[in-house]
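K.L.:
In terms of our numbering, the sequence shown opens at residue 28 and continues consecutively.
In this text, a Cβ means the ideal position worked out from N, Cα and C, and glycines have one as well.
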Amino acid sequence: DQVASFGYQDWHGHPMWFEPFERLGGAGNDRYELHLVSHQPPNRLHSQFDHSDVSQDAKVHGREVVRIHPSAAARRGINNGDTVRLFNDRGQCLASAELDDQLMPDVVALPTGAWFDPFQIDSGSTIELAGNPNVLTADIGTSSLAQGPSSSTCLVEIEPFTGDAPRPRVYEPPRLARQ
28 DQVASFGYQD
38 WHGHPMWFEP
48 FERLGGAGND
58 RYELHLVSHQ
68 PPNRLHSQFD
78 HSDVSQDAKV
88 HGREVVRIHP
98 SAAARRGINN
108 GDTVRLFNDR
118 GQCLASAELD
128 DQLMPDVVAL
138 PTGAWFDPFQ
148 IDSGSTIELA
158 GNPNVLTADI
168 GTSSLAQGPS
178 SSTCLVEIEP
188 FTGDAPRPRV
198 YEPPRLARQ
């Protein structure tokens with residue numbers, strides 16, 4: 028009764044189904060065919076110690092590894108170890124592909140916590156170099172009451188990255204200026 032008294036449009040006083048703003052088989056699936064899961068990696072806590080050897084050893088060419096089902100990869104011309112571009116209307120990032128038949132064919136998994144490393148491609152667009160899924164997910168809470176992260180409600184597309192992929196710079200120590 029107390030929760031119902033708040034009058035939230037997206038939270039009533041009892042369990043009910045609310046259509047996610049995008050999902051496989053639902054809104055947004057006509058443009059982006061893959062569901063992005065951004066899970067907690069086993070080698071760090073969120074982005075803490077992403078610069079550490081333990082975290083860096085799990086990356087390929089300094090980028091997070093995105094797992095993709097072999098059939099989804101084959102339809103897109105993606106091979107194991109390729110540098111790939113994940114994208115949607117919110118942003119784009121680079122990652123290294125790893126084929127994994129344990130995933131559902133329409134799901135890709137990119138762990139959270141890569142340090143944000145934007146790179147300006149041209150005057151109007153940037154690409155994130157280290158594989159940070161935050162550039163792809165919506166920055167809205169799950170509901171007016173809970174305000175949890177909505178990162179598991181995210182559709183993307185993925186393709187091989189063509190050209191020379193800039194190496195992530197965010198892990199390099201800063202240059203110190205001399206006075």
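Rounded to the nearest angstrom, what separates R202 and Q83 at their Cα positions?
P.N.:
Near 21 Å, if we compare the C-alpha coordinates of Q83 and R202.
K.L.:
Which residues does DSSP list as the beta-bridge partners of C181?
P.N.:
Its beta-bridge partners do not exist; DSSP assigns none.
K.L.:
From H96 to P176, what does the alpha carbon distance come to, in whole angstroms?
P.N.:
Roughly 25 Å separates the two Cα atoms.
K.L.:
Once DSSP output is grouped into helix, strand and coil, what is the label at V197?
P.N.:
It is coil, neither helix nor strand.
K.L.:
Measuring CA to CA, which of G190, T153, V183, P193 is closest to N56?
P.N.:
Closest by alpha carbon: V183.
K.L.:
Can you give the Cα-Cα distance for I109 and H88, rounded to whole angstroms?
P.N.:
Rather than Ile, the amino acid found at residue 109 in this sequence is Asp. Going from the Cα of D109 to the Cα of H88 covers about 10 Å.
K.L.:
For the alpha helix (DSSP H) holding P18, just list the boundary residues, first then last.
P.N.:
Outside the displayed range of the chain (28 to 206) lies residue 18, so it cannot be described from this structure.
K.L.:
Measuring CB to CB, does A141 end up less than 8 Å from N115?
P.N.:
Not a contact, by the Cβ cut-off of 8 Å.
K.L.:
Please name the residue or residues paired with Q36 in a DSSP beta bridge.
P.N.:
DSSP lists no partner for Q36.
K.L.:
Taking 8 Å as the cut-off, decide whether the C-beta atoms of V81 and E186 are in contact.
P.N.:
Cβ distance not < 8 Å, so V81 and E186 don't count as in contact.
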